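**Student:**
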Amino acid sequence: MLRSKMSQLLVATIFSAPTVGWVATLPALANDYYGAIAYSRSTGSHGYSYDYATSQAAE
1387 MLRSKMSQLL VATIFSAPTV GWVATLPALA NDYYGAIAYS RSTGSHGYSY DYATSQAAE
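FYI, in the working numbering the residues of the sequence shown are 1387 to 1445.
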């Protein structure tokens, strides 16, 4: 019984490893988004923005 479970595990590993490796090498399908961080030394205030299409819009 143990031998058949080990055989099943080995076969599953052999067939799934190439698939996992292939998926891991796909490039990320991300869009470019911009953000900005602001900090005031005089007041200590801070703020941020994110998910803007351009860097100018984020600022």
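Glycine is no exception: its CB is placed at the ideal position from the N, C-alpha and C atoms. Note that the structure is a prediction, hence the values are computed from the model and not measured.
#1: Under the three-state reduction of DSSP, which class applies to residue 1444: helix, strand or coil?
#2: How many Å lie between residue 1391 and residue 1424 at the Cα?
#3: Alpha carbons only, please: which of 1445, 1440, 1393, 1398 is nearest the one belonging to residue 1433?
#4: Between which two residues does the beta strand (DSSP E) holding residue 1437 run?
**Tutor:** In brief:
#1: helix
#2: 58 Å
#3: 1445
#4: Looking at the DSSP string, the run of the beta strand (DSSP E) that includes residue 1437 is 1432–1438.
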